[in-house]
């Protein structure tokens, strides 16, 4: 078992994972790119972890704003941050990465492993590292203060895919002692394309953007915002995502199947399943358009799906239209700055080459 | 002066024009595709016209549901209907059209003259007719009952373009005795691309569609619905429309210029100009998505702009994205059913051929 683990990210998820691993006796190096998130933990000399109604104080091995320092001499690196920081983290640590290290992106959104790999490779790092993506965060959890976190729920099963895919079992051997919930995905394409945020985040914001800017009370994001017509477009986008998965030979759940499996809900269509999902009842819409639902999920989720589709010759007109309109509204080039083929390091590859690359890591 | 005029359409605009022409001593044949609109006028033996605070009863020559009957022996035909009926009207009257007749579409939206012409030609009608488009309806008016109409305002100047353009002065000679407000546009491309509905209708509905379906009170369409982000996208679409006009060598007003010229408003940008336009204060949003703002303005306004752009090699990514997303949401192929190049009869033409066609009517 790994006795030292680096956790990058001191938000809700990272703080929970760091404290939980520490509670199992692991020496945890906790790092955040924004050192103000660490100040409370340094002052408290650790994290108060609340789990199953019991609160314990967990000391850490090291708390640092320096990624390279955090990962030095550590075999397993857990990255628990919004996906738009993956590239920044890679840029901060590429020269410190060494052969055999394993980076697990929790979660990777879509194409996270490739984005991370392409960044360190383009900086000249040739260390033989393995990068894995989880499909979603293992916990439902929330920081309750600057040095305290509560875990409300632990998911029963979370798929994990390594890059290259032929190393997935090695990564699970490292993780399963702490997290038996992680199971093998076919590859990173499966975890990447299982990203439900790509469906439930950008489109409902786009189709309610006038309301978000005008109604400062914050309507109910799912129940009021995903009306029948919004659900129709999400479903059209879901069909495109499923077609991309099929083209690359991976099996993923449709949004409807995922809702049925993940929640105690019912209904004949996507709209009804969302309306009957009580877990979504109280989720409020953002009160400004500067919400990660777009600024993260368009470049880090929709863009890579669209680019993988293009390589496979699968049309994604609705995904492309959402990328286009949000780019115009936000006055940003989400495709160029996001996980486009160039930034994933797969520009010019054929579908067969991409598949081979995911499987073996060889170009 | 024309002593006989056919008016097709017994809605607000058509009823007003029919009554006004009758008040000038013209023999008016009034027709509507939906005969129930005519019943009240038949029963009342005419129309009560209120203008400048005075109400007069105007008798008509003929009131009929048969377009062919209405236009028989009439030189000037005024079509005052939603643009999605233009094709239906052409289909009902193609065999009755005769050399020298003039059809004026009030207004044509975008590509109305070509759509009408292509329909009668594809039915085998080779009569030498002239079709003109006006940029907008001449009146602000409202039917106040089944056989009464009030004219609130008359626009000072309305551009009119004939197809072919070299006949515009002949059409104005017919119309100006009744309506000196009509002035010569360069051609139908100018009237078509001056269609402000293409800007102010589909996009604000799309970006508020969740709210339209959820908020049954009906928010204020312009003031609450065109927020800064919505205005940003309208402006991007306006840039595309202006680029198409430039490619075809016609001068049109930008949305901002048009607002400044048409209304007593002010502001540094499109958002402010709309917010400061008191004429828009009380206009309510539709309470269902089955609104002409999309079902008419996407196929009849955005589609022809996009298709003319494609022929000219002008990119219209935002217009195309709005067409794509509304088509998916409404589960209709707005491009195929709308004024695409095929339905305009210009498929396969080059930009130079289209320009020549608008000018001379010759392919």
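Protein chains in written order, with our numbering: chain A, 62 to 424; chain B, 62 to 424. Virtual Cβ for every residue (Gly too), placed ideally from N, Cα, C.
Residues of the segment 286-297 of chain A that bring their beta carbon within less than 8 Å of a beta carbon in chain B comprise 286, 287, 288, 289, 290, 291, 293, 294, 297, in sequence order. At a cut-off of 8 Å between beta carbons, residue 122/B makes no contact with chain A.
Of all residues in the segment 343-376 of chain A, those with a C-beta nearer than 8 Å to a C-beta of chain B are 350, reading in chain order. Nearest in C-alpha terms to residue 403/B, of all of 215/B, 364/B, 324/B, is 364/B. With a threshold of 16 other beta carbon atoms within 10 Å, residue 156/B falls short and is exposed.
By the criterion of a C-beta distance shorter than 7 Å, residue 217/A is surrounded in its chain by 242, once the five residues flanking it on both sides are discounted. Contact with chain B is found for residue 385/A, since one of that chain's Cβ atoms lies less than 8 Å from the residue's Cβ. Neighbourhood of residue 274/B in chain A, by CB distance below 7 Å: 288, 289, 290, in chain order. Annotation: Cβ neighbours of residue 267/B in chain A (cutoff 9 Å, chain order): 267, 268, 386. Put simply, the segment 80-95 of chain A touches the segment 116-127 of chain A. At least three CB pairs are less than 8 Å apart. When the five nearest sequence neighbours on each side are left out, the beta carbons in the same chain lying within less than 7 Å of the beta carbon of residue 331/A are those of 292, 295, 296, 316, 317, in order along the chain.
For residue 315/A, there is no enclosing beta strand (DSSP E), as DSSP gives it neither H nor E. Taking the Cβ atoms as the reference, residue 348/A lies roughly 7 Å from residue 273/A, within the contact range of under 8 Å.
For residue 381/B, there is no enclosing beta strand (DSSP E); the residue is found in the alpha helix (DSSP H) stretching over 378-391. Membership of residue 290/A in the alpha helix (DSSP H) is indicated by the continuous run 289-308. Against chain B, the beta carbon of residue 379/A has neighbours under 8 Å at 385, 386, 389, listed in chain order. Annotation: the continuous beta strand (DSSP E) that includes residue 191/B extends over 191-195. Close partners of residue 271/B in chain A (Cβ separation under 8 Å): 265, 268, 269, 272, 285, 286, 287, 288, 290, 291. In the structure shown, residue 277/A falls within a coil segment according to DSSP collapsed to helix, strand and coil. With contacts defined by Cβ atoms closer than 8 Å, residue 154/A and residue 194/A do not form a contacting pair. In the DSSP assignment, residue 256/A falls outside any beta strand (DSSP E) and carries neither an H nor an E. Contact annotation: the segment 404-412 of chain A does not touch the segment 392-407 of chain B, with fewer than three C-beta pairs closer than 8 Å.
A contact between stretches requires three or more CB pairs, one per stretch, nearer than 8 Å, and the segment 169-188 of chain A fails this requirement with the segment 385-392 of chain A. Around the beta carbon of residue 290/A, a 10 Å sphere encloses 16 or more other beta carbons of the protein chains shown; the residue is thus reported as buried. Taken in chain order, the whole beta strand (DSSP E) runs of length 3 or more contained in the segment 132-186 of chain B are 137-140, 163-166. Residue 138/B places its beta carbon less than 8 Å from that of residue 67/B.
Contact between residue 419/B and residue 410/B does not hold, since the beta-carbon distance rounds to 10 Å and is not under 8 Å. Using a Cβ-Cβ distance cut-off of 8 Å, the segment 69-77 of chain A and the segment 184-202 of chain A are in contact, since at least three pairs of beta carbons, one from each stretch, lie closer than that value.
Counting along the chain, the unbroken alpha helix (DSSP H) around residue 367/A starts and ends at 364-373.
Taking the C-beta atoms as reference points, residue 311/A is found no nearer than 8 Å to residue 221/A. By alpha-carbon distance to residue 144/B, the top candidate from 159/B, 165/B, 135/B, 134/B is 165/B.
Taking the Cα positions, residue 421/A is about 28 Å away from residue 357/A. When Cβ-Cβ separations below 8 Å define contact, residue 242/A makes no contact with chain B. Per DSSP, the beta-bridge partners of residue 345/A are 281/A. It is roughly 33 Å from the alpha-carbon of residue 188/A to the alpha-carbon of residue 302/A. For residue 330/A, the three-state secondary structure derived from DSSP is coil.
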